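Structure first, commentary second.
Number of protein chains: 2
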Amino acid sequence: MQRYFVDRTNWTEDGVVIKGDDVHHMTRVMRMQEGDAFICIHPVHGPALCEIDKIAPGEKVTGAVREWVTEDKELPVKVTIVQSLGKGDKLEQVVQKGTELGACSFIPFEAKRSVVKWDAKKAKKKISRLQKIAKEASEQSERSTIPDVSDVMSMTELIRQSYQYDVKMIAYEREARSENHRSLAEQLQQVKRGQSVIILFGPEGGFTPEEADQLFLSDFLPVRLGPRILRMETAPLYFLSSLSYQIEELP
Amino acid sequence: MQRYFVDRTNWTEDGVVIKGDDVHHMTRVMRMQEGDAFICIHPVHGPALCEIDKIAPGEKVTGAVREWVTEDKELPVKVTIVQSLGKGDKLEQVVQKGTELGACSFIPFEAKRSVVKWDAKKAKKKISRLQKIAKEASEQSERSTIPDVSDVMSMTELIRQSYQYDVKMIAYEREARSENHRSLAEQLQQVKRGQSVIILFGPEGGFTPEEADQLFLSDFLPVRLGPRILRMETAPLYFLSSLSYQIEELP
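Protein chains in written order, with the numbering used here: chain A, 1 to 251; chain B, 252 to 502.
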């Protein structure tokens, strides 16, 4: 069933008002009509099954709450993906597919070898675009929260913030090439439901040895993601899929 | 190290000749020079460490084999991804990232709800493009084989060919929504090294109930890929990552 995330201020006790782009989506794209059912997600109380009361075309849709729904679709580990800036639409791909795969938040990171740089103006535009992608991907994958996309973070800030997390990892290409690599499973098997994980992914050229050392000194553990060398935008998808498999699918 | 797949006919006993696009890549993109080392992959004997003997600019590069290399980077299960035709560059994404993640072959499939249709001319062009993407992704992810991309297959042909495989699955959205779903792990834990797996992924609108029934009758087992609803191009990446995690990372 079609679902929409609705800001707190647009809810009454037993009703909801949809405004903005979602009105166009409901009435034009989905061609919904009065009486049709849909799901609205309250930022605190979660999803509710609603029914359309009234459509004011191009302006708003008013809905009535039929019942609150209990869902269990969120990845039970809070994963923060720190993604180095890369060429083309790589960050968009990571946010879109990473959201489907259950990530909790994304932090863009300007690594030493990031070919692309974001100035303040570009960063603002990019981040607002990434937030929109995260919202749409959450709706499409039937999640009940929207991942957060933060501002670009520096190494210092990242290391400072990393102490809030239960588990800290870095996807490190050399681990994939090493014969004595640690297995990813060794680390994922230790992650418990309810914990928080932060993991860093390098740019096209990988992290510099200095960056890697700085992260190792701050207790980030290197992991490999299988034996093959993955593109920067594929690596987080491997990680999230494996974590979901370990926590949500294995007995 | 940079690697190139070289046709059988371009090998001598202890040497190799590189022609075509790869010459441009070696001399212009990578700016390699005489004496530089690189990896060439023989379609039967696998990878060899080579050294450039001579460059005939724009024409060919002649290399000498220094030593044959033993690698263990291929996913030890042969996975065939049957991907329904979809909008935009979705098949390109699946072939590129699926190759990085270890798939053995790809079969494009025109499902009932595929919005996109390929006529004979378009199919030829598309498949040759997908084959090129598979080759480049194999080189980039340091694989020693290039996955095969076959012609578009009909349901009848697909079912006929499916009896060659040890394990047959279908990614079925309803499994993700069902409370009594089978766990993916139950099925992946039974897959053994050396076996072959074929798995089908539906188009944007999913398989029709008739298509699903036809596949179930032919012993395809439905699997869910975690509890969230994945896009058609994300689903095969979840599957391949989980299989790699199960077989290559778990003890």
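Ideal placement from N, C-alpha and C gives every residue a C-beta, glycine not left out.
Note that the coordinates shown come from a computational prediction; the quantities given were computed from them, not determined experimentally.
Residues near D464(B) in its chain [Cβ-Cβ closer than 8 Å; skip 5 each side]
As a first step, residue 464(B) is located in the second sequence; it is residue number 213 there, counting from the start. Correct list: empty, nothing qualifies.
D273(B), buried or exposed, once every other Cβ within 10 Å from all chains shown has been counted against 16
Your numbering for residue 273(B) matches position 22 in the second sequence. So D273(B) ends up on the buried side.
K216(A) - containing alpha helix (DSSP H), residue span
Looking up residue 216(A) in the first sequence gives position 216. The question names Lys, but residue 216(A) is Phe in the sequence shown. Its alpha helix (DSSP H) spans residues 209 to 217.
Could you tell me if T9(A) is buried or exposed, where buried requires 16 or more neighbouring beta carbons within 10 angstroms of its beta carbon?
To locate residue 9(A), count along the first sequence from 1; it is residue 9. Exposed, by the Cβ-count rule.
8 Å Cβ cutoff, S395(B) in contact with chain A:
As a working note, residue 395(B) is residue 144 in the second sequence. It does not; no Cβ of chain A falls within 8 Å.
Contact set between T234(A) and chain B, taken where Cβ atoms lie within less than 8 Å
Along the first sequence, one-based indexing puts residue 234(A) at 234. Those within 8 Å of T234(A) in chain B are K348, E351, L352, L488.
Short of 8 Å Cβ to Cβ, which residues in the stretch 35 to 55 of chain A face chain B?
none
Assign Y255(B) to one of two classes, buried (16 or more other C-beta atoms within 10 Å of its C-beta) or exposed (fewer than that).
Stepping through the second sequence from its first residue, residue 255(B) is reached at position 4. With 16 or more other Cβ atoms within 10 Å, it is buried.
Report buried or exposed for R479(B), applying the criterion of at least 16 other Cβ atoms within 10 angstroms of its Cβ.
By one-based count along the second sequence, residue 479(B) stands at place 228. Looking at its Cβ environment, which holds 16 or more other Cβ atoms inside 10 Å, R479(B) is buried.
Could you name the residues that DSSP lists as bridge partners for G205(A)?
In the first sequence, the residue the question calls residue 205(A) occupies position 205. G205(A) pairs with nothing; no bridge assigned.
When the Cα atoms are used, what is the spatial distance from S196(A) to D470(B)?
In the first sequence, residue 196(A) corresponds to position 196, counting from 1. In the second sequence, residue 470(B) corresponds to position 219, counting from 1. Rounded to whole angstroms, S196(A) to D470(B) spans 40 Å at the Cα level.
Touch test, the stretch 191 to 211 of chain A against the stretch 322 to 340 of chain B, Cβ-Cβ under 8 Å, three pairs minimum
no
DSSP on Q334(B), reduced to helix/strand/coil?
Translated into positions along the second sequence, residue 334(B) becomes position 83. Correct three-state label for Q334(B): strand.
Inspect the beta-carbon positions of A111(A) and S154(A) and report whether they are closer than 8 Å.
Against the first sequence, residue 111(A) aligns to sequence position 111. Against the first sequence, residue 154(A) aligns to sequence position 154. Against a cut-off of 8 Å, the Cβ pair of S154(A) and A111(A) comes out as no contact.
Taking 8 Å as the CB-CB limit, is I480(B) close to chain A?
Within the second sequence, numbered from 1, the residue matching residue 480(B) stands at position 229. Closer than 8 Å: yes.
Going by beta-carbon coordinates alone, are Q347(B) and I306(B) separated by less than 8 Å?
Translated into the one-based positions of the second sequence, residue 347(B) becomes position 96. Translated into the one-based positions of the second sequence, residue 306(B) becomes position 55. Going by C-beta atoms, Q347(B) is not nearer than 8 Å to I306(B).
With a CB to CB cut of under 6 Å and the five nearest residues on each side skipped, what residues in its chain are close to L130(A)?
Position 130 of the first sequence holds residue 130(A). Around L130(A): V95, V149.
What did DSSP end up calling E302(B) once you bin it into helix, strand or coil?
Residue numbering aside, residue 302(B) sits at position 51 when the second sequence is read from its first letter. It is a strand residue.
Beta strand (DSSP E) containing H24(A): first to last residue?
Residue numbering aside, residue 24(A) sits at position 24 when the first sequence is read from its first letter. First-last for H24(A): 21 to 24, but that is the alpha helix (DSSP H), not the beta strand (DSSP E).
Quick one: grab the DSSP three-state call for L501(B).
In the second sequence, residue 501(B) corresponds to position 250, counting from 1. Of the three classes helix, strand and coil, the one that applies to L501(B) here is coil, per DSSP.
Show which residues of chain A have a CB atom less than 8 Å away from the CB atom of A203(B).
There is simply no residue 203(B) to check, as chain B begins at 252 and stops at 502 in what is shown.
G15(A) to E71(A) span [Cα, whole Å]:
The count along the first sequence starts at 1 and reaches residue 15(A) at position 15. The count along the first sequence starts at 1 and reaches residue 71(A) at position 71. One C-alpha to the other measures close to 20 Å.
Assigned secondary structure, K368(B) (DSSP; H/G/I helix, E/B strand, else coil):
Taking the second sequence and counting its residues from 1, the one referred to as residue 368(B) is at position 117. Three-state DSSP puts K368(B) in coil, outside helix and strand.
Nearest-angstrom Cα distance between M277(B) and R174(A)?
Here residue 277(B) is taken as the residue at index 26 of the second sequence, counted from 1. Here residue 174(A) is taken as the residue at index 174 of the first sequence, counted from 1. Near 24 Å, if we compare the C-alpha coordinates of R174(A) and M277(B).
What is the C-beta distance between G58(A) and C50(A), in whole angstroms, given that I count them as a contact (C-beta under 8 Å)?
Within the first sequence, the letter at position 58 stands for residue 58(A). Within the first sequence, the letter at position 50 stands for residue 50(A). That belief does not hold up - the Cβ atoms of G58(A) and C50(A) are roughly 20 Å apart, past 8 Å.
Taking S141(A) as the query, report the chain B residues whose CB atoms sit under 9 Å from its CB, ordered along the chain.
Counted from its first residue, the first sequence places residue 141(A) at position 141. Per Cβ cutoff of 9 Å: R479, I480, L481, R482, T485.
Which class does I269(B) belong to by DSSP, given the choice of helix, strand or coil?
Counted from its first residue, the second sequence places residue 269(B) at position 18. In this structure, I269(B) counts as strand in the three-state DSSP scheme.
Integer Cβ distance of E500(B) from S183(A), believed to fall under 8 Å:
Walking along the second sequence from the start, residue 500(B) turns up at place 249. Walking along the first sequence from the start, residue 183(A) turns up at place 183. Indeed, because the Cβ distance is near 5 Å, the residues count as touching under 8 Å.
Select from the stretch 323 to 339 of chain B all residues with a C-beta closer than 9 Å to any C-beta belonging to chain A, and list them in chain order.
Those residues of the stretch 323 to 339 of chain B placed with their C-beta closer than 9 Å to a C-beta in chain A are D323, K324, E325, L326, ordered along the chain.
Listed by chain order, chain B residues near S241(A) by CB distance under 7 Å:
Position 241 of the first sequence, counted from the start, is the residue given in the question as residue 241(A). Those are L488, Y489, S492, S493, listed as they occur along chain B.
Could you check the C-alpha separation between Q391(B) and W11(A) for me, to the nearest Å?
The residue you call residue 391(B) lines up with position 140 of the second sequence. The residue you call residue 11(A) lines up with position 11 of the first sequence. Just so you know, the alpha carbons of Q391(B) and W11(A) end up roughly 50 Å apart.
Status (buried if at least 16 other CB within 10 Å, exposed otherwise) for L468(B):
By one-based count along the second sequence, residue 468(B) stands at place 217. L468(B) should be labelled exposed.
Three-way DSSP call (helix, strand, coil) for A168(A) in this model
By 1-based counting over the first sequence, the position of residue 168(A) is 168. The sequence given here places Lys at residue 168(A); Ala does not occur at that position. Residue state, collapsed to three classes: strand.
Going by other Cβ atoms of all chains shown within 10 Å of its Cβ, with 16 needed for buried, is S365(B) buried or exposed?
Locating residue 365(B) in the second sequence gives position 114, where the first residue counts as 1. By the neighbour-count criterion, in which a residue is buried when 16 or more other Cβ atoms sit within 10 angstroms of its Cβ, S365(B) is buried.
Should the stretch 480 to 496 of chain B be called in touch with the stretch 98 to 106 of chain A, which here means at least 3 C-beta pairs below 8 Å?
yes
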